[in-house]
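Below is one structure, written out as structure tokens, with a few remarks after it.
Numbering (this note's numbering), first residue to last: 116 to 231.
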């Protein structure tokens with residue numbers, strides 16, 4: 116399935132001014148990176164953000180927020196699918212995008228866990 120280009124535009128508007136953000140197409144969507152760390156993506160008709168534990172809890176408590184689980188049964192715990200309410204509010208989307216960007220910057224450069 117192709118990603119929603121309109122949603123990608125909304126997210127890109129929310130990311131404007133953060134600097135050092137790059138994007139690339141991946142897995143049928145588009146991912147956004149800071150310092151080599153992916154922090155956001157648009158996949159199908161969803162905006163997904165990598166969030167800190169406290170921010171994840173807050174986002175998941177919102178109606179419509181969910182843990183990203185593209186394959187079913189293997190959720191990616193740091194990634195949250197944003198609720199549609201957030202996508203309809205540019206100010207709130209910008210705030211959440213900035214939280215995600217800031218969190219990813221704390222992770223950038225840290226060694227990745229090796230797969231077993």
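Note that beta-carbon positions come from the ideal geometry of N, C-alpha and C, so glycine has one too.
Quick caveat: nothing in here was measured; it's all calculated off a predicted structure.
If you check the beta carbons only, do residue i and residue j fall under 8 Å apart?
{"i": "residue 164", "j": "residue 123", "result": "no"}
{"i": "residue 160", "j": "residue 147", "result": "no"}
{"i": "residue 127", "j": "residue 219", "result": "no"}
{"i": "residue 149", "j": "residue 135", "result": "yes"}
{"i": "residue 157", "j": "residue 144", "result": "yes"}
{"i": "residue 155", "j": "residue 215", "result": "yes"}
{"i": "residue 133", "j": "residue 208", "result": "no"}
Find the nearest neighbour of residue i within the set the options, judged by alpha-carbon distance.
{"i": "residue 202", "options": "217, 224, 178", "result": "178"}
{"i": "residue 197", "options": "221, 217, 174, 209", "result": "174"}
{"i": "residue 168", "options": "130, 206, 192", "result": "192"}
{"i": "residue 195", "options": "166, 131, 117", "result": "166"}
{"i": "residue 210", "options": "222, 221, 131", "result": "131"}
{"i": "residue 186", "options": "142, 118, 221", "result": "142"}
Mind checking residue i: buried by the 16 CB within 10 Å criterion, or exposed?
{"i": "residue 129", "result": "buried"}
{"i": "residue 171", "result": "buried"}
Can you list, in chain order, the residues of its chain with a C-beta nearer than 6 Å to that of residue i? Leave out the 5 residues immediately preceding and following it.
{"i": "residue 205", "result": "none"}
What are the start and end residues of each continuous alpha helix (DSSP H) run of 4 or more residues lying completely inside the segment 183 to 230, in chain order? Segments of the alpha helix (DSSP H) lying fully in the segment 183 to 230: 199 to 202, 205 to 222.
What are the complete beta strand (DSSP E) segments, minimum 3 residues, inside the segment 144 to 173? Whole beta strand (DSSP E) segments, 3+ residues: 144 to 149, 152 to 158, 161 to 165.
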